[in-house]
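Heads up: the sequence lines are chains P and X, in that order.
If you're matching positions, the first sequence starts at 19 in this note's numbering and goes up one per residue.
If you're matching positions, the second sequence starts at -19 in this note's numbering and goes up one per residue.
Ideal Cβ positions, reconstructed from N, Cα and C, are used throughout, including at glycine.
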Amino acid sequence: MPGPFCKINYTLNTPRFFNLGIILLFIIIVILPILFMMVAPFWGQNAYHLGTLFDERHFGLAKNSLELAVGTICLSLVIGIPLAFLLSRTNLWAKNLFKTLYLIPILIPPYIHAIVWSHLDSWISQFLSLDIHSLYGAIFVLTLAYFPFVTLMTISGIKSIDRNLEEASLIHHGPWKTLRGITLPLALPHILSGALFVFIFSIIDFGVPDILRVNVYPVEIFIQFGALYDERAAAMLSFPLITITLILVMLQKWYMGGRSYVNLTAGSGKDITYHLGIINPLAFTFCLIVFSLSVLIPVAVLVKKAGSLSNYIRVLNTSIDQITYSLILAVLGGLLALFLGFFMSYIIERTKSKVVICLELASLIPFAIPAITLGIGLIKVWNRPTIDFVFRCPLIIILGYIAHSISFTIRIICSGIKQINPHLEEAGFLGTSSWTKVVGKIVMALLTPSLLVGFFIAFILSLGELGTTLLVIPPGRETIPIKIYNLMHYGADQMVAALCLILVGITLAFSAIFLGFYKRAKMFLRC
Amino acid sequence: MLGPSGCGKTTLLRMIAGLERPDEGRVLIDGIEVSSPNKMVPPFKRKLSMIFQDLALWPHMTVKGNIKFVMEKNLTKDILREEIHEILEKVNLIGFNNRYPHQLSGGEKQRLAIARALASRPAYLLMDEPFSNLDLLLKEELQNVVIKLKKDSQIGIIYVTHNIDEALILANRIAIMNKGRIEQMGTKDELLSNPKNEFVKRFLRVK
């Protein structure tokens, strides 16, 4: 649904030098590494030409990558859409419990799903005749990790439908025809956006195909750079991936128009509820199976693999440095992404200029970049004389975290700013000459829930980040995901399982704390 | 149904339509109980149609699509086409078949809402302040459409408004509501000549 307030027709009252500084920071941190990877293959001696992309090897990679992404979309839609309808429009048993739990799979990094299901390889091949170390296995695992995006977006779409539109149909038809004829088509833009997120995340994911040994673009990029030290080949392989995903992101942006991706205020009104009657047990079983496959089984397998309590204590003792290091970096990454994201969003939403349109489009680019590609870009930009101190210290990881999560932060905060009446700021500017006071005490205060969500998403993405960190981490240091990745290759299953559980535990604990703050902020603003 | 804002007119209309369940009391249509705290006949089995305050035109469907969606599904293609034509003619929307709601003017949207409401051949038509946001000229034009509809068809119309003049122009019988209760019901003359209590008197501005 478009935001209720349009862009205001005056120049932003934050100082111009400050805005330019923010834009410059965004370009240096986010755009430059990506630009480098787009240009590198076609630059200098031995430059590649586009024809290389159509040879047999590239064709095979493209086929695998597309099959993986399209397969994951299809399966995610099959699970995500019915789940969204059940959670938002029915009297499903234990609905509130499922509503609280359905997002948990996103909080578990996909490579942990892959680790779990590769442990269950023999069990799966026995009962489902599916080899988990295959393309179909990767589709299955990525679906379990990403289907909540479809559910989240579909629920958001359903909540943004004017209740009267559905009731106008219910006067004439039953719930089924209303769902098919009115609700589903009106929620379609959100459903397609959810599907697109799943497509992009699946096609750029490195961890799952690497663990399940499926040869797709991100894995091949890593091999070219990490094993064969051929950065041009790695950049060349990134090119089709970035092009496809960027085109799709732009199409989605055009298709969604001014609609909010996620309706943060959804749920305040009274919803239409369909009574499931005798199919309630069936619907409940469906939700239980989905929840079991995506949360209960992974956690149970990790608990079993990790063994006794003494193992956790041992892992905690040997990994306390990595845990502290990861938390500090993730908090810093989250805070800096929030700072940059907020001011970028403010510039995008509160000024009318062609430059702003470019900025808005540029803010979508990081969505489409594989973490491995971003890592190579960061190395190439920062590993050079005079500025290589950045490359040799943890700052490079933080820059990676910012670039990795900034698109999400900007989208969420833009969505929040759209809901704030510009007159509230104008009234502030009439009363004080201090822009920091207006931005801090009016805009940021009203945006608190969106800022919390923006920080939380950047923090969670940073805490579980693997692809970029794997390439840029300074020697001798490890984050939790890197330690898990390294231990996995040494075959230390018990420690891997315990560490995965610790990572999931930290993520869930922070999610609970975040939820508490978020609810308090919402209640305060409602008062 | 006439009454001040917040007196419960819309809630009552939604209960009649079956979109809300009453906490107590019953709703009877033609003597048959359709709503009570323990019983709810689904809205689509009540042979009603409703025009919402915001019209609730389906934005993803054309004029024709909006009308077709509520019509009986077992009609043949030819009959369907004929009936759609007839309904569009009634509300003066011929030639607008393939337009989407956002391509219509305010008055055309109102007429489409009326057309859609009639397309399902309802026994009763519920109207929830459909003309409240229109300018005076358009309001008069559409009020005439309703008056003509009342004359030409056998449909019973329940019209909700907070505008006394509108109620006096359109209604055969007026029910005056206050705080969720009907204070008085009768013809225009009955109400004006014999207001039952102080509220009715004040609301109708009877001296």
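Item	Value
Within chain P, the residues that H40 (chain X) reaches when beta carbons sit closer than 7 Å	P203 and L204
Nearest to L311 (chain P) (by Cα), restricted to the options P:W135, P:W400, P:M171 and P:V237	P:W135
Amino acids of chain X, ordered along the chain, whose beta-carbon sits closer than 7 Å to that of N298 (chain P)	Those do not exist, as N298 (chain P) stays about 17 Å from chain X at its closest Cβ, beyond 7 Å.
S174 (chain P) to L148 (chain X) span [Cα, whole Å]	43 Å
Local Cβ density within 10 Å of K48 (chain X), reported as buried at 16 or more and exposed below that	buried
Cβ pair I189 (chain P), M30 (chain X) closer than 8 Å	yes
Residue burial classification, K159 (chain X) (beta-carbon count within 10 angstroms, cutoff 16)	exposed
Separation of A516 (chain P) from H191 (chain P), as counted between CA atoms	53 Å
Helix, strand or coil at Y164 (chain P) [DSSP, three-state]	helix
Residues bridged to I154 (chain X) (per DSSP)	X:G166
Own chain partners of L469 (chain P) with C-beta closer than 8 Å, once the 5 adjacent residues on each side are dropped	L356, F360, I431, G434 and M462
Cβ-based neighbour list, T70 (chain P), same chain, cut-off 8 Å, excluding 5 preceding and 5 following	H76 and M254
Spatial neighbours of V54 (chain P) in its chain, beta-carbon cut-off 7 Å, leaving aside the 5 residues before and after	The question names Val, yet the displayed sequence has Phe at residue 54 (chain P). Hits under 7 Å: G395, K398 and V399.
DSSP state of V232 (chain P) mapped onto helix, strand, coil	coil
Proximity test, Cβ basis, 8 Å: H190 (chain P) and chain X	yes
Contact with chain X by G199 (chain P), beta-carbon distance below 8 Å	yes
Contact set between P22 (chain X) and chain P, taken where Cβ atoms lie within less than 7 Å	G192
A36 (chain X): contacting residues in chain P (beta-carbon distance under 8 Å)	D180, N182, L183, E185 and A186
Chain P contact for L55 (chain X) (CB, 8 Å cutoff)	no
Closer than 8 Å to chain P by CB, A103 (chain X)	no
Contact set between the stretch 73 to 103 of chain X and chain B, restricted to residues whose Cβ is under 7 Å from the partner	Structure shown: chain B not included; protein chains present are P and X.
Nearest residue (CA-CA) to L417 (chain P), options P:L350, P:H507 and P:R429	P:L350
Contacts around P492 (chain P), its chain only, beta-carbon distance under 7 Å, and the 5 residues preceding and following it disregarded	R410, C411 and P412
Backbone CA spacing between L269 (chain P) and F215 (chain P) [nearest angstrom]	12 Å
F542 (chain P) classed as buried or exposed, judged by whether at least 16 other C-beta atoms fall within 10 angstroms	exposed
Cutoff 8 Å: A(-3) (chain X) Cβ touching any chain P Cβ	yes
Classification of N507 (chain P) by the beta-carbon crowding that lies within 10 angstroms, buried from 16 upward	For clarity, residue 507 (chain P) is His in the given sequence; the question names Asn instead. When all chains shown are included, H507 (chain P) counts as exposed.
DSSP-derived helix/strand/coil call for G75 (chain X)	coil
Contiguous beta strand (DSSP E) assignments of at least 3 residues, all confined to the stretch 86 to 133 of chain X	104 to 108
Nearest candidate by alpha-carbon position, reference R181 (chain P), set P:T487, P:R107 and P:I91	P:R107
Any chain P beta carbon closer than 8 Å to M30 (chain X)	yes
Pairwise C-alpha distance: E249 (chain P) and M19 (chain P)	Residue confidence is low: M19 (chain P) scores 39 on pLDDT, short of 50, so the model does not pin down where it sits. Its coordinate-derived value is still stated next. The straight-line gap from Cα to Cα measures roughly 43 Å.
Alpha carbon of N46 (chain X) to alpha carbon of W38 (chain X), nearest angstrom	6 Å
Alpha-carbon to alpha-carbon, T118 (chain P) and L197 (chain P)	24 Å
Start-end ranges of the alpha helix (DSSP H) lying completely within the stretch 195 to 269 of chain P, minimum 4 residues	202 to 222, 225 to 229 and 235 to 240
Environment of I338 (chain P) [buried if 16+ CB atoms lie within 10 Å]	exposed
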